[in-house]
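S.K.: I have a structure here, written as structure tokens, and I will follow up with some questions on it.
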Ligand SMILES: Cc1cc2nc3c(=O)[nH]c(=O)nc-3n(C[C@H](O)[C@H](O)[C@H](O)COP(=O)(O)OP(=O)(O)OC[C@H]3O[C@@H](n4cnc5c(N)ncnc54)[C@H](O)[C@@H]3O)c2cc1C
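Numbering (full-length UniProt numbering), first residue to last: 1 to 400.
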């Protein structure tokens, strides 16, 4: 693995950085002000404005590897750019690189028919609509996806969908026009062939977005995480992806890129928390000396720097493996970074909060919100324990 980024990546890094400096950081507060004004569940004007600027600047859809529709970057090339975007919670959307759309667009790109691509991938890539991914269910332990109970039943030239999902991120946003739904098409099939994935337009009768679920009190508006009920929702039979019983196969393909994108962004979140911690402790004096000079502070700063460097290298290694041997072969590295990145980021934010005193848990420094989000990533896309089990099993396999 070569540690130096190519000239192409360096040039893109400086352009994304310049865009962030000129357009994103100066509008950070404005975004939250616009969300707070009027209806929280309406898209903000500032995001739409910035999206147009990023598109014009050619900083758009940077995530999609191995496709003419993306910017032609590999996962390894995208990683440092995604890290820069990750420093501001809404920035990935500005570059059309946000979750869950990136994972969903990868699914459309790799597994959907040309008709479905034209209808859904095209407007998603243009940033005209948004999407959601509906797998987790309140009724069952969904970290084991074989438990998923929702039904997708064939009826003539349609499928009929019934079930309740929750934590369907993005489903509260009025721009969310389509979702990818996972459910059972055949309960009598072998365990990993029971599930399928199907494309569901959000305006199909029978879909009821029942409520949003707050995360430690944050609603994440206008994106949100929803509980969604599906009652006799009928979609054309050609909306099934790849065919019946292939849900796990697609999940494998989708979750790899989705997971590593979260990790790339988390490195940016961790860097920013460390930056805030350093600035704060240098500016405050307690018991006769700057807080920065307390050895406990130095130790936390040093540990944070070391943890970030380790996590970044592992992220890059996982991305490199995805590019060179494929998502399946890179599964150990993807699982490792999925555990490491949110854990180190959560720890660093926690130290940054401590360094800010009471201010750290307020909304004045963005740390409480960042902490809430990082904490969720130890659950979303699979809890830590499930990834650790997989890593452990792969390690033991070497001794068979
Ligand atoms: C903010 C947020 C956004 C999300 N977005 C989406 C989304 O867009 N779409 C979607 O479908 N889902 C989404 N999720 C759901 C997420 O993927 C699930 O919460 C996660 O997979 C765990 O499933 P569960 O909640 O059913 O927990 P359960 O399966 O009930 O597990 C509970 C706990 O049991 C323990 N556990 C489980 N398995 C093992 C094991 N093998 N060994 C040891 N311990 C274990 C773990 O501690 C785990 O946290 C989101 C979640 C959050 C918090």
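The beta-carbon is built from N, C-alpha and C at its ideal position, and this holds for glycine as well.
Cβ of residue 261 versus every heavy atom of ligand 1: is any distance shorter than 7 angstroms?
M.R.: Residue 261 Cβ: outside cutoff for every heavy atom of ligand 1.
S.K.: If distances are taken between C-alpha atoms only, which option among 276, 307, 196 and 367 comes closest to residue 252?
M.R.: The shortest C-alpha separation from residue 252 is found at 196.
S.K.: Would you say residue 382 touches ligand 1, meaning its beta carbon is less than 7 angstroms from a heavy atom?
M.R.: The answer is yes for residue 382.
S.K.: Taking its Cβ as the centre, do 16 or more other Cβ atoms sit within 10 Å of residue 310, making it buried, or is it exposed?
M.R.: With fewer than 16 other Cβ atoms within 10 Å, it is exposed.
S.K.: Can you tell me the Cα-Cα spacing of residue 260 and residue 86, whole angstroms?
M.R.: Roughly 12 angstroms separates the two Cα atoms.
S.K.: Is residue 100 near ligand 1, with its Cβ less than 7 angstroms from a heavy atom?
M.R.: For ligand 1, at least one heavy atom lies less than 7 angstroms from the Cβ of residue 100.
S.K.: Rounded to the nearest angstrom, what separates residue 77 and residue 138 at their Cα positions?
M.R.: Those two C-alpha atoms are separated by around 37 angstroms.
S.K.: Return yes when at least one heavy atom of ligand 1 lies under 7 angstroms from the C-beta of residue 225, else no.
M.R.: Yes; taking the cut-off as 7 angstroms, the Cβ of residue 225 has a heavy atom of ligand 1 nearer than that.
S.K.: Go ahead and pull the three-state DSSP assignment for residue 148.
M.R.: DSSP places residue 148 in coil when its eight states are reduced to three.
S.K.: Report the three-state DSSP secondary structure of residue 63 (helix, strand or coil).
M.R.: DSSP places residue 63 in coil when its eight states are reduced to three.
S.K.: CA-CA distance, residue 223 and residue 174?
M.R.: Roughly 9 angstroms between the two C-alpha positions.
S.K.: Are there 16 or more other CB atoms within 10 angstroms of the CB of residue 170, so buried, or fewer, so exposed?
M.R.: Result: buried.
S.K.: Would you say residue 142 touches ligand 1, meaning its beta carbon is less than 7 angstroms from a heavy atom?
M.R.: Yes, since a heavy atom of ligand 1 falls inside the 7 angstroms radius drawn around the Cβ of residue 142.
S.K.: Between residue 379 and ligand 1, is there a pair consisting of the residue's CB and a ligand heavy atom that are separated by less than 7 angstroms?
M.R.: Yes, the Cβ of residue 379 comes within 7 angstroms of a heavy atom of ligand 1.
S.K.: Find out if the Cβ-Cβ distance for the pair residue 83, residue 268 is shorter than 8 angstroms.
M.R.: Yes; because the gap between Cβ atoms is below 8 angstroms, this pair is in contact.
S.K.: Please classify residue 264: is it buried, with 16 or more other beta-carbons within 10 angstroms of its beta-carbon, or exposed?
M.R.: Flag for residue 264 reads buried.
S.K.: In the structure shown, what three-state DSSP assignment does residue 278 receive?
M.R.: In the structure shown, residue 278 sits in a helix (DSSP, three-state: H, G or I).
S.K.: Determine the DSSP secondary structure at residue 98, reduced to helix, strand or coil.
M.R.: Coil.
S.K.: Measure the alpha-carbon distance for residue 255 versus residue 220 and round it to whole angstroms.
M.R.: Distance between the alpha carbons of residue 255 and residue 220 is about 22 angstroms.
S.K.: With H, G and I counted as helix, E and B as strand and the rest as coil, what does DSSP make of residue 185?
M.R.: Coil.
S.K.: Write down the C-beta distance between residue 443 and residue 106 rounded to the nearest angstrom, noting that I regard them as a contact closer than 8 angstroms.
M.R.: The first residue shown for the chain is 1 and the last is 400, placing residue 443 beyond what the model contains.
S.K.: Going by the C-beta, is residue 133 closer than 7 angstroms to any heavy atom of ligand 3?
M.R.: With respect to small molecules bound, the structure shown includes ligand 1 and not ligand 3.
S.K.: If the criterion is Cβ atoms closer than 8 angstroms, does the pair residue 59 and residue 95 meet it?
M.R.: Yes, the pair counts as a contact, with Cβ atoms nearer than the cut-off.
S.K.: Is any heavy atom of ligand 1 found at a distance shorter than 7 angstroms from the C-beta of residue 385?
M.R.: Yes - ligand 1 has a heavy atom lying nearer than 7 angstroms to the Cβ of residue 385.
S.K.: Are there 16 or more other CB atoms within 10 angstroms of the CB of residue 93, so buried, or fewer, so exposed?
M.R.: Buried, since its Cβ has 16 or more Cβ neighbours within 10 Å.
S.K.: For the alpha helix (DSSP H) holding residue 75, just list the boundary residues, first then last.
M.R.: Counting along the chain, the alpha helix (DSSP H) containing residue 75 begins and ends at 75–86.
S.K.: Check whether the segment 151–169 touches the segment 227–238, counting contact only when three or more Cβ pairs, one atom from each stretch, lie closer than 8 angstroms.
M.R.: Result yes; three or more Cβ-Cβ pairs closer than 8 angstroms.
S.K.: Taking 8 angstroms as the cut-off, decide whether the C-beta atoms of residue 99 and residue 239 are in contact.
M.R.: In this structure, residue 239 does not lie closer than 8 angstroms to residue 99 by Cβ.
S.K.: Only counting runs of 4 or more residues, tell me where the alpha helix (DSSP H) segments fall wholly within the segment 321–386, in order along the chain.
M.R.: Those alpha helix (DSSP H) runs which fall completely within the segment 321–386 and span 4+ residues are 331–355 and 367–376.
S.K.: Could you give the DSSP three-state label for residue 16: helix, strand or coil?
M.R.: Reduced to three states, the DSSP call for residue 16 is helix.
S.K.: For the beta strand (DSSP E) containing residue 212, name the first residue and the last one.
M.R.: Element bounds for residue 212: 207–212.
S.K.: Any heavy atom of ligand 1 closer than 7 angstroms to the CB of residue 285?
M.R.: It does not: the Cβ of residue 285 is nowhere closer than 7 angstroms to a heavy atom of ligand 1.
S.K.: Near residue 390, which residues of its chain fall below 8 angstroms by C-beta distance, leaving aside the five closest residues on each side in sequence?
M.R.: For residue 390, where only same-chain residues beyond five positions count, the Cβ hits under 8 angstroms are 331, 332 and 335.
S.K.: At the level of alpha carbons, what is the spacing between residue 245 and residue 178?
M.R.: Near 21 angstroms, if we compare the C-alpha coordinates of residue 178 and residue 245.
S.K.: Is residue 123 closer than 8 angstroms to residue 9 when the C-beta atoms are compared?
M.R.: No. Outside cutoff.
S.K.: Taking 7 angstroms as the cut-off, is the beta-carbon of residue 136 closer than that to any non-hydrogen atom of ligand 1?
M.R.: Residue 136: yes, Cβ under 7 angstroms from ligand 1.
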